[in-house]
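**Student:**
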Amino acid sequence: MKALKKRIRVLIVEDSPVAVLALKRMLETSDEIEVVGTARHGKEGLEMIPRVSPDVICTDLHMPVMDGLEFTKEVMARHPLPTLVVSVSVSETHTQNVFQLLQAGAIDVFPKPQGALIDQTGEFSAELISKIKILSGVIPFSKQKRQKGAAGVFPVVPARLDKAHSVSLTKNLRMIVIGASTGGPQALEAILKALPHDFPLPIVCVQHISDGFIDSLVEWLDKACKVKVVLARNDEIPQPSTVYFAPDHKHLTFNSEGRFLLTSAPPVDGHRPSVTVTMASLAERYQRGAMGVLLTGMGRDGADGLLSVSRVGGITIAQDKKSSIVFGMPEQAIRLGAAKYVLDVGSIAKVLVEFAHNEKTGI
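Here the sequence shown is numbered in the numbering used here, starting from 128 and rising by one per residue.
1. What span of residues does the beta strand (DSSP E) with residue 341 cover, start to end?
2. Between the Cα of residue 80 and the Cα atoms of 410, 424, 429 and 188, which residue gives the shortest distance?
3. Does DSSP classify residue 263 as helix, strand or coil?
4. With residue 138 as the anchor, note down where its beta strand (DSSP E) starts and where it stops.
5. Give the DSSP bridge partners of residue 424, in chain order.
6. By Cβ distance, which residues of its chain are closer than 6 Å to residue 141, with the 5 residues on each side in sequence left out?
7. Going by DSSP, what residue range makes up the beta strand (DSSP E) through residue 318?
8. In the DSSP output, which residue or residues are listed as bridge partners for residue 306?
9. Do residue 193 and residue 169 have their C-beta atoms closer together than 7 Å?
10. In angstroms with no decimal places, state the Cα-to-Cα distance between residue 418 and residue 432.
11. Taking just the CA atoms, how far does residue 145 sit from residue 183?
12. Does DSSP put residue 326 in a helix, in a strand, or in coil?
13. Measuring only the C-alpha atoms, how far is residue 314 from residue 422?
14. Restricting to Cα atoms, I'd like to know which of 435, 196 and 426 is closest to residue 397.
15. Mark residue 359 as exposed unless 16 or more other C-beta atoms lie within 10 angstroms of its C-beta, in which case mark it buried.
16. Is it true that the segment 327–346 meets the segment 297–313, where meeting means three or more beta-carbon pairs spaced less than 8 Å apart?
17. Rounded to whole angstroms, what's the CA-CA distance from residue 319 to residue 476? Just pull it up for me.
18. What did DSSP end up calling residue 366 once you bin it into helix, strand or coil?
19. Determine the direct distance from the alpha carbon of residue 132 to that of residue 165, and round the result to whole angstroms.
20. Quick one: what does DSSP say residue 411 is sitting in, helix, strand or coil?
Below is the structure:
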């Protein structure tokens with residue numbers, strides 16, 4: 128007899144009885160999910176965690192006694208568990224809330240449309256269930272581990288990053304593309320904050336993120352980093368010391384002159400913008416002067432793109448399993464043999480900082 132698949136145990140932390148009922152009904156339309164408890168605020172949620180042993184926590188932001196931000200911080204410090212914040216206050220107009228939650232350790236945020244909770248068969252319900260399923264496979268970092276990760280203390284070192292290779296990298300490198308999905312904002316913050324204000328190359332980032340959030344992500348990173356962080360514009364010439372993000376619903380490629388070409392071509396690997404599309408264009412345009420970096424994320428977008436960069440002699444890096452929130456995209460690239468180096472977030476930042484130093488000093 129076939130063993131029954133273990134259901135995903137979800138704890139809902141929400142002060143509105145109407146919202147609790149609606150969320151519970153939505154989640155339980157999936158036979159893979161079981162709601163094992165509900166709490167009215169963060170303090171009650173913390174007390175329930177040891178009793179109900181959830182796999183995933185689904186919490187509101189604004190609650191009495193202990194709000195969602197403080198609750199998330201306490202969860203990560205005491206019982207690190209994948210946490211999804213579902214709230215009307217995590218839409219694209221609430222930049223500060225969103226990224227405070229991500230910095231606190233929340234894996235993802237999901238805007239709760241006002242009035243949409245009544246629609247239990249609509250798009251909101253399907254996307255919520257999908258996010259819970261993704262988060263159930265995540266192993267979040269404790270507060271201590273996340274602090275170490277930002278400082279580059281993970282015990283992973285480059286396989287062959289010797290001085291000779293650094294010199295070669297300095298001479299040839301012309302463009303860097305970084306791709307990420309779930310967990311990407313946190314990883315990108317750690318990497319980009321480490322860069323000096325005069326970083327000698329442009330960097331292009333393709334981040335899978337909920338509709339409407341890319342502007343907020345760019346604004347947040349621009350304030351946090353020494354380099355300039357902006358949305359890419361069509362026909363723009365990429366400049367040094369600037370990080371460009373692909374906008375919503377557009378693939379970002381390079382034309383023959385190296386200018387940005389934004390297109391509405393069909394999604395690739397289920398995504399537009401697609402990491403693979405941008406990296407394939409990077410490989411074609413910059414050849415050995417290309418660097419591709421594939422960070423944490425669900426699925427396989429970017430794996431084929433990183434392989435394209437590898438095949439033309441570019442530098443290819445995949446984030447390691449230990450520092451990835453979701454080891455999907457990097458793992459697929461590693462399986463293809465596309466990643467020359469497999470590094471933790473701190474080491475990726477260090478590679479870029481050392482490159483900038485060598486370029487400046489002429490080493």
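The beta-carbon is built from N, C-alpha and C at its ideal position, and this holds for glycine as well.
**Tutor:** Let's see:
1. Element bounds for residue 341: not the beta strand (DSSP E) but the alpha helix (DSSP H), 341–351.
2. Within the shown structure, residues of the chain are numbered from 128 to 490, placing residue 80 beyond reach of any answer.
3. Here residue 263 sits in coil by DSSP.
4. Start and end: 135–140.
5. 454
6. 147 and 187
7. Here residue 318 belongs to no beta strand (DSSP E); instead the alpha helix (DSSP H) covers 311–319.
8. Note: residue 306 sits in a beta bridge opposite 333 and 421.
9. yes
10. Taking the straight line from one Cα to the other gives about 11 Å.
11. So the alpha carbons of these two residues sit roughly 21 Å apart.
12. Here residue 326 carries a coil assignment [DSSP, helix/strand/coil].
13. Rounded to the nearest whole angstrom, the CA to CA distance from residue 314 to residue 422 is 7 Å.
14. 426
15. With 16 or more Cβ atoms within 10 Å of its Cβ, residue 359 is classed as buried.
16. yes
17. 7 Å
18. coil
19. 23 Å
20. Residue 411: helix per DSSP, three-state reduction.
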